[in-house]
Amino acid sequence: MHPYNGLIEKYRERLPVADDTPVVSLNEGATPLIELRNLPRLAGKNVRIFGKFEGLNPTGSFKDRGMTMAVSKALEAGARAIICASTGNTSAAAAAYAARAGIACFVLIPEGKIALGKLSQAMMHGSVVIQIRGNFDDGMRLVQEVAKTMPVNIVNSINPYRIQGQKTIAFEVIEALGDAPDYHALPVGNAGNITAHWIGYSEAVCTDTRACALCQGRCGYHKTKLATRRPVMLGYQASGAAPILRGRPVENPETVATAIRIGNPVSWQQALAAQQESGGWFGECTDGEILRAQKMLAQTEGIFCEPASAISIAGLLKDLELGKIGEGSTIVCTLTGHGLKDPDTAIAQSVKPLTVEAELDAIEDVIRGHLPPS
Ligand SMILES: *Cc1c(COP(=O)(O)O)cnc(C)c1O
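The sequence shown runs 41 to 414 under my numbering.
Have a look at this one:
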């Protein structure tokens with residue numbers, strides 16, 4: 041039996057780490073790929089849909105995959121402090137991994153616009169939380185400027201090690217299914233994750249370590265081919281924060297899905313490349329569609345993801361309805377973060393608890409009124 045010690049140990053051969061790189065890990069990765077059996081039935085489509093539940097990472101989102109790499113490499117380089125701009129989950133992951141590494145962590149977040157669970161994580165892990173009167177894009181710009189004058193290591197997804205860690209999700213999907221799926225759907229905010237997925241899938245089908253046409257030399261760390269093909273990539277943006285669909289930056293992005301409330305994604309060009317090379321497309325969903333999908337997933341599949349994650353389900357359901365996805369297809373949706381991250385949004389759209397007297401009659405009445413028909 042080999043104990044699981046996180047994704048750097050597991051995929052060492054495929055990652056830019058040396059034998060003496062100090063590995064900072066919380067045993068991230070190895071998240072379950074859960075078949076969603078009720079959704080195809082409800083959608084009336086003959087397809088197989090799987091949710092890759094990244095909410096089960098140590099800090100509750102896929103950001104841990106990138107952070108184990110970024111913080112390990114920062115430590116290797118002798119960094120004393122890391123910094124990031126965040127819509128919430130990057131700050132939660134950065135704070136936790138910095139705590140484990142024993143280095144300082146500074147996070148810039150948009151004031152009043154991050155989900156409560158994420159804020160509590162950044163605070164609890166002892167990072168220095170700086171709320172800015174501005175949005176994520178302002179924070180991202182400030183982080184890049186301040187890193188020129190202060191001894192801080194940026195751990196946003198412009199840090200190439202973040203993308204390297206995050207690409208491992210593709211390897212895990214391929215291992216679970218035996219090959220790549222036909223389609224892979226995910227939310228697009230700063231667009232680092234769609235970039236990472238595509239690099240992972242591209243490396244998985246490539247064995248030429250010298251000059252690979254598929255991954256353009258990024259694949260120097262692998263030896264064996266994992267998959268026979270790559271999926272069609274489907275990237276979804278919230279209607280109020282959809283710069284890639286609009287073809288220009290969105291100045292004041294707005295959406296209930298705060299994790300993708302981004303108007304000027306750093307990895308825009310790489311996201312376009314992933315879409316074009318895979319023959320995929322971008323789509324948009326309204327906040328109403330996002331929240332309906334979040335609730336549907338929670339109430340028909342038992343999976344509680346955060347609003348941003350639910351857009352991969354919302355977008356997929358729309359594209360299934362439109363007939364854009366063929367019968368018999370296998371689709372993986374990345375469920376990027378846990379629903380517990382954003383309790384306010386969950387409670388606001390749920391049935392309120394009932395309050396009754398502490399008496400048997402009262403409880404029986406409630407049960408009678410809610411039992412499904414026999
Ligand atoms: C960061 C994040 C996203 C967006 O990922 P990008 O790499 O910025 O496109 C989506 N969902 C959740 C839960 C996130 O934390």
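For each residue, glycine too, the CB sits at the ideal point set by N, CA and C.
> Do you know how far the Cα of V192 is from the Cα of H224?
Replying inline: 35 Å
>> Check for me: the alpha helix (DSSP H) holding V111 runs from which residue to which?
In response: 103-116
>> Only counting the same chain, and skipping five residues up and downstream in sequence, which positions put a Cβ closer than 6 Å to that of A251?
In response: Because the pLDDT of A251 is 48, which lies under 50, any placement of that residue in the model is unreliable, and the question is left without a value.
> beta strand (DSSP E) containing K188: first to last residue?
Replying inline: Neither: K188 is in no beta strand (DSSP E) and is coded neither H nor E.
>> Going by DSSP in three states, I302 sits in which element: helix, strand or coil?
In response: coil
>> Quick check: K20 and T208, are their CB atoms within less than 9 Å of each other?
In response: Residue 20 cannot be examined here, being either before or after the span of the chain that is shown, 41 to 414.
> If you run the structure through DSSP and keep just helix, strand and coil, what is Q309?
Replying inline: helix
> Which residues share a DSSP beta bridge with W321?
Replying inline: L274
>> What would DSSP say about Y261, mapped onto helix, strand or coil?
In response: Only weak support exists for where Y261 lies, its pLDDT of 47 falling under 50; the value from the coordinates is given anyway. The answer is coil: DSSP assigns Y261 none of H, G, I, E or B.
> Apart from the five residues just before and just after V186, which ones in its own chain have a Cβ nearer than 8 Å to its Cβ?
Replying inline: I123, V192
> Hey, which unbroken runs of the alpha helix (DSSP H) at 4 residues or more fall wholly within the region 129-165?
Replying inline: 129-141, 156-164
>> Taking 8 Å as the cut-off, is the C-beta of I300 nearer than that to any heavy atom in ligand 1?
In response: yes
> ligand 1 heavy atoms versus the CB of P98: any closer than 8 Å?
Replying inline: no
> Nearest to I48 by CA position, among G84, S279, M109, L79, is which residue?
Replying inline: M109
> DSSP state of H378, grouped into three classes?
Replying inline: strand
> Quick one: what's got a C-beta closer than 6 Å to F146's C-beta in the same chain, skipping five residues either side?
Replying inline: I123, V168
> Name the DSSP bridge partner or partners of A125?
Replying inline: L148
>> Distance check for E399 and L220, CA to CA, integer angstroms please.
In response: It is Ala, not Leu, that sits at residue 220 in the sequence shown. Going from the Cα of A220 to the Cα of E399 covers about 55 Å.
> Looking at C-beta atoms only, is the number of pairs between the region 356-363 and the region 294-312 that lie closer than 8 Å three or more?
Replying inline: no
> Taking R301 as the reference, which of W321, G229, G287, P347 has the closest Cα?
Replying inline: G229
> How would you call Y44, buried or exposed, if buried means at least 16 neighbouring beta carbons within 10 angstroms?
Replying inline: exposed
>> Is E75 close to ligand 1? I mean its beta-carbon at under 8 Å from any heavy atom of the ligand.
In response: no
> Any chance the region 311-329 sits against the region 228-245, with 3 or more Cβ pairs inside 8 Å?
Replying inline: yes
> Looking only at C-alpha atoms, which of K158, H165, D222 sits nearest to A141?
Replying inline: H165
>> Only counting the same chain, and skipping five residues up and downstream in sequence, which positions put a Cβ closer than 6 Å to that of T268?
In response: D219
>> Shorter than 8 Å, the distance from the beta carbon of P305 to the closest heavy atom of ligand 1, or not?
In response: yes
> Terminal residues of the continuous alpha helix (DSSP H) containing G328?
Replying inline: 327-340
> Roughly how many angstroms lie between the CA atoms of N175 and P289, to the nearest whole one?
Replying inline: 13 Å
>> Once DSSP output is grouped into helix, strand and coil, what is the label at R202?
In response: helix
>> Please state the DSSP three-state secondary structure of E346.
In response: coil
>> Quick check on DSSP: helix, strand or coil for G84?
In response: coil
> Between the C-alpha atoms of A216 and P347, what's the straight-line distance to the nearest angstrom?
Replying inline: 25 Å
>> Please state whether the Cβ-Cβ distance between T385 and F102 is less than 9 Å.
In response: no
> Taking 8 Å as the cut-off, is the CB of E346 close to at least one heavy atom of ligand 1?
Replying inline: yes
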